[in-house]
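Visitor: In the numbering used here, the protein residues as written are 79 to 459.
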Amino acid sequence: MKPVLTALGILCALGSGDQILPRALKGDISGMKPTSGVFPNKKPPFGYVKENLPLADGLRCNQLLLAAYKQIKDKVEQAKATYGAERIGLVIGTSNTGVEESQKFIHEWLETGNKPAAFRFEMLELGMSALFLKKTAEIKGPAWAVSTACSSSAKAFVSARRLLELDLCDAVLTGGADSFCQFALHGFDALQSLDEKQSRPMRAGRAGINLGEGAALFLMEKTGIGPRLLGAGESSDAYHLTAPDPTGNGAQTAMMAALKDAGLTADEIDFINLHGTGTEQNDAMESKAVFNLFADRVPAASTKPLTGHTLGASGAIEAGLSWLMLRRGHGLIPHVSEGKTDFNLSPIKLSQGEDLPVKRILSNSFAFGGSNAALILGNMP
Numbered sequence: 079m080k081p082v083l084t085a086l087g088i089l090c091a092l093g094s095g096d097q098i099l100p101r102a103l104k105g106d107i108s109g110m111k112p113t114s115g116v117f118p119n120k121k122p123p124f125g126y127v128k129e130n131l132p133l134a135d136g137l138r139c140n141q142l143l144l145a146a147y148k149q150i151k152d153k154v155e156q157a158k159a160t161y162g163a164e165r166i167g168l169v170i171g172t173s174n175t176g177v178e179e180s181q182k183f184i185h186e187w188l189e190t191g192n193k194p195a196a197f198r199f200e201m202l203e204l205g206m207s208a209l210f211l212k213k214t215a216e217i218k219g220p221a222w223a224v225s226t227a228c229s230s231s232a233k234a235f236v237s238a239r240r241l242l243e244l245d246l247c248d249a250v251l252t253g254g255a256d257s258f259c260q261f262a263l264h265g266f267d268a269l270q271s272l273d274e275k276q277s278r279p280m281r282a283g284r285a286g287i288n289l290g291e292g293a294a295l296f297l298m299e300k301t302g303i304g305p306r307l308l309g310a311g312e313s314s315d316a317y318h319l320t321a322p323d324p325t326g327n328g329a330q331t332a333m334m335a336a337l338k339d340a341g342l343t344a345d346e347i348d349f350i351n352l353h354g355t356g357t358e359q360n361d362a363m364e365s366k367a368v369f370n371l372f373a374d375r376v377p378a379a380s381t382k383p384l385t386g387h388t389l390g391a392s393g394a395i396e397a398g399l400s401w402l403m404l405r406r407g408h409g410l411i412p413h414v415s416e417g418k419t420d421f422n423l424s425p426i427k428l429s430q431g432e433d434l435p436v437k438r439i440l441s442n443s444f445a446f447g448g449s450n451a452a453l454i455l456g457n458m459p
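Okay, here's the thing in structure tokens:
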């Protein structure tokens, strides 16, 4: 089955909806702003969502998800009328959920001895956002969250497709959301993986990632009009808790599985959206894996300098950028990472933003613990 992605709601540091693609094609990094109030002596860039968010339940992650949902609400209502609410499922990826808000409440609790009235233990549950959206959309099919760090929302696509293949659903809401979280910022800082300047994927002197927030939500259906999920591949190399396998074997396995699933060869891919975090080890691993399959023939770019690394939402947001490119039909996102060429990396072809036809895109997501996912989106006659 090659399910159709019939609708997209998206917001990130590039903006929201259709407006984000023109900005991405220009290499617009203006949405990356210095953090404040997190570290005493530095303000690393962060990809903030600037739009006013709809009121939800006080949790920013859910507010982001609700804003994405509202962009496609009419399509979802149409699907409910066509299939019935019980035939529509939901699978989203996330990693932070309500951690930011919970930390503030817990600190208040510890300081005062009184439990804040707004605090609920379910804020810390990884499935919290999935249950929130299921209730909001008034759908009755299966609903759950996938939380495998940075591959979460890419893997959600695979689970969503499986619901359609097993005929448990006729349509599935799928994607991901993650919001600003000091815990995550301090965690990456402790790993010495946070760049205090603009991140520089695949460049010499790169020093780590910039984080960001956002959400992307698709309506996936068995039939319809729009770009399709042509193929997906997963692997789990379990090399290390946080470091990638330097051989790139796990990443390469996921990409090969996606190509096989799609029935495509490497030469039939028009663009590669790299995981491209900007860390020393991830970029070395990914460039090796990509070069082994595609050599220097396929343009590739990391879009994380434009959006920040949105963690559990990154796979969905980057799939969203890919979906918008496919709907446009031409034009590549440039690799805007600044700095000199790193001649120690495998010489993949970094995109210059060429205005070329685009029919099939590979999007990579690689996570802690060796959790790897690759999606291929494309147009079909």
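All residues carry an ideal CB built from backbone N, CA and C; glycine is no exception.
None of these values were measured; they are calculated from a predicted model.
Ignore the nearest five residues each way along the sequence and tell me which others in L99's own chain have a CB closer than 6 Å to its CB.
Guide: Numbered from its first residue, the sequence shown carries residue 99 at position 21. The answer, listed in chain order, is L402.
Visitor: Any contact of the segment 242-254 with the segment 399-417, i.e. 3+ C-beta pairs under 8 Å?
Guide: A contact is defined here as three or more CB-CB pairs under 8 Å, and the segment 242-254 fails this definition with respect to the segment 399-417.
Visitor: Using 8 Å as the Cβ pair cut-off and three pairs as the minimum, do the segment 397-412 and the segment 260-274 touch?
Guide: no
Visitor: Looking at the structure shown, is A136 part of a helix, part of a strand, or coil, going by DSSP?
Guide: For this step, residue 136 is matched to residue 58 along the sequence shown. The question names Ala, but residue 136 is Gly in the sequence shown. G136: coil per DSSP, three-state reduction.
Visitor: Exposed or buried, which one is D339 when buried takes at least 16 other CB atoms within 10 Å?
Guide: Working through the sequence shown from its first residue, we reach residue 339 at position 261. D339 is buried by the Cβ-count criterion.
Visitor: Does the distance from the CB of G302 to the CB of T160 come in under 7 Å?
Guide: Numbered from 1 along the sequence shown, position 224 holds the residue referred to as residue 302. Numbered from 1 along the sequence shown, position 82 holds the residue referred to as residue 160. Taking 7 Å as the Cβ cut-off, G302 and T160 do not qualify as a contacting pair.
Visitor: Is the segment 106-114 touching the segment 124-138, taking contact as three or more C-beta pairs under 8 Å?
Guide: Touching, yes, given that three or more Cβ pairs across the two stretches are closer than 8 Å.
Visitor: State the DSSP-derived secondary structure class of M334, mapped to helix, strand or coil.
Guide: The residue labelled residue 334 in the question sits at position 256 within the sequence shown. It is helical.
Visitor: Helix, strand or coil: which one does DSSP assign to V32?
Guide: In the structure displayed, the chain extends from 79 to 459; residue 32 sits before or after that span and is not available.
Visitor: Below 7 Å between beta carbons: does that hold for G356 and G286?
Guide: Position 278 of the sequence shown, counted from the first residue, corresponds to residue 356. Position 208 of the sequence shown, counted from the first residue, corresponds to residue 286. Contact: yes.
Visitor: Helix, strand or coil: how does DSSP classify T160 here?
Guide: On the sequence shown, position 82 is the one that residue 160 refers to. DSSP places T160 in the helix class (H, G or I) of the three-state scheme.
Visitor: Mark T190 as exposed unless 16 or more other C-beta atoms lie within 10 angstroms of its C-beta, in which case mark it buried.
Guide: Position 112 of the sequence shown, counting from 1, holds the residue named residue 190. When all chains shown are included, T190 counts as exposed.
Visitor: Excluding sequence positions up to five away, which residues of its chain have a Cβ less than 8 Å from the Cβ of R138?
Guide: The residue given as residue 138 occupies position 60 in the sequence shown. Closer than 8 Å at Cβ, skipping near neighbours: L131, E178, E179, S257, F258 and E291.
Visitor: Taking K104 and L308 to be in contact with their CB atoms under 8 Å, please state how far apart those CB atoms are, rounded to whole angstroms.
Guide: As a first step, residue 104 is located in the sequence shown; it is residue number 26 there, counting from the start. As a first step, residue 308 is located in the sequence shown; it is residue number 230 there, counting from the start. Not really, about 28 Å apart at Cβ, beyond 8 Å.
Visitor: Could you check what DSSP says for Q278 in three-state terms: helix, strand or coil?
Guide: As a working note, residue 278 is residue 200 in the sequence shown. Reading the sequence as shown, one finds Arg at residue 278 and not Gln. Note: R278 maps to coil in three-state DSSP.
Visitor: Considering Cα atoms alone, identify which of M333, F349 and S380 is closest to N370.
Guide: Within the sequence shown, residue 370 is the residue found at index 292, counting from 1. Minimum Cα distance to N370 is reached at M333.
Visitor: Count the other CB atoms within 10 Å of the CB of T343; is the residue buried (16 or more) or exposed (fewer)?
Guide: Reading the sequence shown from its first residue, position 265 is the one you call residue 343. When all chains shown are included, T343 counts as exposed.
Visitor: If you reduce the DSSP assignment to three classes, tell me which class F117 lands in.
Guide: Within the sequence shown, residue 117 is the residue found at index 39, counting from 1. Residue state, collapsed to three classes: coil.
Visitor: Report all residues from its chain with a CB closer than 7 Å to the CB of A102; omit the five preceding and five following residues, and keep chain order.
Guide: As a first step, residue 102 must be located in the sequence shown, where it is residue number 24. Result list for A102: L92, T381, L384, L399 and I411, in chain order.
Visitor: In whole angstroms, what is the alpha-carbon distance linking E216 and K366?
Guide: As a first step, residue 216 must be located in the sequence shown, where it is residue number 138. As a first step, residue 366 must be located in the sequence shown, where it is residue number 288. Using only the alpha carbons, I get a separation of about 45 Å.
Visitor: I want to know whether the segment 192-201 touches the segment 154-168 - three or more CB-CB distances under 8 Å.
Guide: no
Visitor: I'd like to confirm the pairing. Which residues does DSSP put opposite V169 in its beta bridges?
Guide: Along the sequence shown, one-based indexing puts residue 169 at 91. Answer by DSSP bridge pairing, in chain order: W222 and T252.
Visitor: Looking only at its own chain, which residues have a Cβ that is under 6 Å from the Cβ of S94, when we skip the five neighbours before and after it?
Guide: For the purposes of this step, residue 94 is taken as residue 16 along the sequence shown, with counting starting at 1. If the five residues before and after S94 are omitted, its C-beta is found closer than 6 Å to the C-beta atoms of E129, all from its own chain and listed in chain order.
Visitor: Would you call D248 buried or exposed, if buried means 16 or more other Cβ atoms sit within 10 Å of its Cβ?
Guide: Position 170 of the sequence shown, counting from 1, holds the residue named residue 248. The residue is buried, with at least 16 neighbouring Cβ atoms inside 10 Å.
Visitor: Give the straight-line distance between the Cα atoms of S207 and M201, rounded to the nearest whole angstrom.
Guide: For the purposes of this step, residue 207 is taken as the residue at position 129 of the sequence shown. For the purposes of this step, residue 201 is taken as the residue at position 123 of the sequence shown. Looking at the two C-alpha atoms, the distance is approximately 9 Å.
Visitor: Pull up the distance between the alpha-carbon of S277 and that of R284, whole angstroms please.
Guide: Here residue 277 refers to the residue found at position 199 of the sequence shown. Here residue 284 refers to the residue found at position 206 of the sequence shown. Whole-angstrom Cα-Cα distance: 7 Å.
Visitor: By the DSSP assignment, the beta strand (DSSP E) with E312 in it spans what residues?
Guide: In the sequence shown, residue 312 corresponds to position 234, counting from 1. R306 to S314 is the extent of the beta strand (DSSP E) around E312.
Visitor: Among V376, T172, N360 and A310, which residue has its Cα nearest to the Cα of D345?
Guide: For this step, residue 345 is matched to residue 267 along the sequence shown. Of the candidates V376, T172, N360 and A310, the one whose C-alpha sits nearest the C-alpha of D345 is V376.
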